[in-house]
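If you're matching them up, the sequences are chains P and C in order. For the first sequence, the positions run 214 to 421 when the working numbering is used. For the second sequence, the positions run 883 to 986 when the working numbering is used. Quick reminder that beta carbons are idealized off the backbone N, C-alpha and C, glycines included. Owing to the predicted nature of the structure, the values given are computational and were not obtained by experimental measurement. Everything below concerns the one structure shown next.
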Amino acid sequence: MTNPRDLIRSRGAPMPLARPMPTEIRSDGGLMISLLQAPYWAGPGTNPVLAEWTWHLPLQGLIDLRNFLVTPDPETGIQPEAAIDAALKGHGIGSYIGTFVTQGANLSQVRVLFGHAPKAMTNAYAPKAATDPGSFNRLIYALLQDRDSQGSRNLRYLRKLWSESATRAEVRLIMLSQVDLAGELNDPENSPFSADLLSTGKPVETPL
Amino acid sequence: MATIWSASPGVRLRPIPEQECCLAYVPRPPALHGLNLTSWLVLSLCDGRTQPAIAEDYFAAVAESGGPGATAGALDSALIQLEALGLITRTVDAPITKTCKEAQ
């Protein structure tokens, strides 16, 4: 019975409904990466915190970004990635780990990773800010004000791409093995709610 | 002056009677649409007939079984939806509501 008349006769006539169906989009599995070269900048160091900027780009945007990353500055002859890494190291912020692309079907997510050591560094721009978890943004902001260095200029370009994207996001990845999680959570000064929960098994009452 | 309704060029249907629906593929721009029984019936009637002729056949088909699809505005609603999705085209412009009421 493949005639709608027959089906309607037996099932009744619902209100008409015609709507687009979401369809699966097949692809060749994303970017084909056949050759990987080791980055040319200095090692990322042993920073326990990674800061990540992510956003999405169309394919042409990825090609443009890749060209930017590998094209040496006409004045200094230094490639942007090396200049950014040197700038971060020079300002005691951490290191530039790299700009990555999430590989997968229909994905074009750009992920820029920085290494960061909040408690281990001293910084000429904001020494106090270096000791708290939110220091990275303030230090990067201070670096971006530097109008003279190539690294700062190149980093501003990446940040501009990030700022223009509707899907931009920032995260911190903290190396769990380097965090005294129980100690932090049991410290009533730092974690009053969690400390009470861990010691008594009951959440603390919120003072009115 | 009556409106003549026809299926858009290249539209392909894939009936799924066990689920009481029909999939319709439009090639340009490529899209897949799901039609329930009533919309499927209306699309099958859009074969170059005038709107009064479609209304006559449609209400004859749904009158016996009844249901929400047998109400006065159901055919208009179906035609509007199908046209918006690019599944049918009209060749003579005329108010839909007036001709449907006339047909009943």
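Which value, in whole angstroms, describes the spacing of the CA atoms of residue i and residue j?
i      : j      : result
Y309/P : L394/P : 26 Å
R385/P : V262/P : 7 Å
E965/C : D219/P : 24 Å
A956/C : V893/C : 22 Å
H269/P : L398/P : 35 Å
R369/P : I962/C : 51 Å
H304/P : Q292/P : 19 Å
E902/C : T973/C : 30 Å
K302/P : G311/P : 14 Å
A231/P : M883/C : 27 Å
I306/P : A296/P : 14 Å
N216/P : D929/C : 15 Å
I353/P : A379/P : 21 Å
A942/C : P912/C : 33 Å
R222/P : E946/C : 7 Å
T971/C : T885/C : 10 Å
H329/P : P235/P : 42 Å
G396/P : L371/P : 37 Å
L282/P : L272/P : 15 Å
N367/P : M388/P : 28 Å
G274/P : E383/P : 20 Å
L914/C : L895/C : 10 Å
P891/C : R931/C : 16 Å
D958/C : E377/P : 44 Å
E402/P : P287/P : 52 Å
P233/P : A935/C : 27 Å
V392/P : K373/P : 32 Å
Measure from the alpha carbon of residue i to the alpha carbon of each residue in the options, then state which is nearest.
i      : options                        : result
C904/C : P891/C, N918/C, V893/C, P950/C : N918/C
P897/C : A906/C, G948/C, E946/C, A889/C : A906/C
A960/C : V974/C, A937/C, A942/C         : A937/C
E900/C : R224/P, P233/P, L230/P         : R224/P
T920/C : G930/C, D929/C, G948/C, T932/C : G948/C
A226/P : Y940/C, A884/C, L914/C, S926/C : Y940/C
R381/P : W266/P, M234/P, P229/P         : W266/P
R351/P : E377/P, D298/P, A264/P, S390/P : A264/P
Exposed or buried, residue i, counting other C-beta atoms within 10 Å across all chains shown (16 or more means buried)?
i      : result
L967/C : buried
F349/P : buried
D400/P : exposed
N280/P : exposed
D277/P : exposed
S926/C : buried
L969/C : buried
L356/P : buried
P229/P : buried
A889/C : buried
V908/C : buried
E294/P : buried
Quick one: what's got a C-beta closer than 6 Å to residue i's C-beta in the same chain, skipping five residues either side?
i      : result
D359/P : S365
S362/P : A300
P340/P : Legend: pLDDT at P340/P = 42, less than 50; position of this residue unreliable, value from coordinates given subsequently. Cβ neighbours of P340/P beyond the five flanking positions: none.
T315/P : Q322
W375/P : W266, W268, R381
N260/P : G307, G328, H329, A330
R910/C : none
Under 6 Å from any heavy atom of the ligand HEM, does the C-beta of residue i make it?
i      : result
A295/P : Here there are no bound small molecules, and the ligand HEM is not part of this structure.
Who are the Cβ neighbours of residue i in its own chain at under 8 Å, not counting the five residues just before and after it?
i      : result
F313/P : V323, R324, V325, L326
V944/C : T920, L923, G951, A952, A956
T289/P : A296, Q363
Apart from the five residues just before and just after residue i, which ones in its own chain have a Cβ nearer than 7 Å to its Cβ?
i      : result
P285/P : I291, Q292
G916/C : C903, L905
S390/P : none
Please go through the region 923-979 of chain C and give each complete beta strand (DSSP E) segment of 3 or more residues, from N-terminal end onward. 929-932, 970-972
Unbroken stretches of the beta strand (DSSP E), 3 residues or longer, contained in the region 274-336 of chain P: 307-314, 322-329
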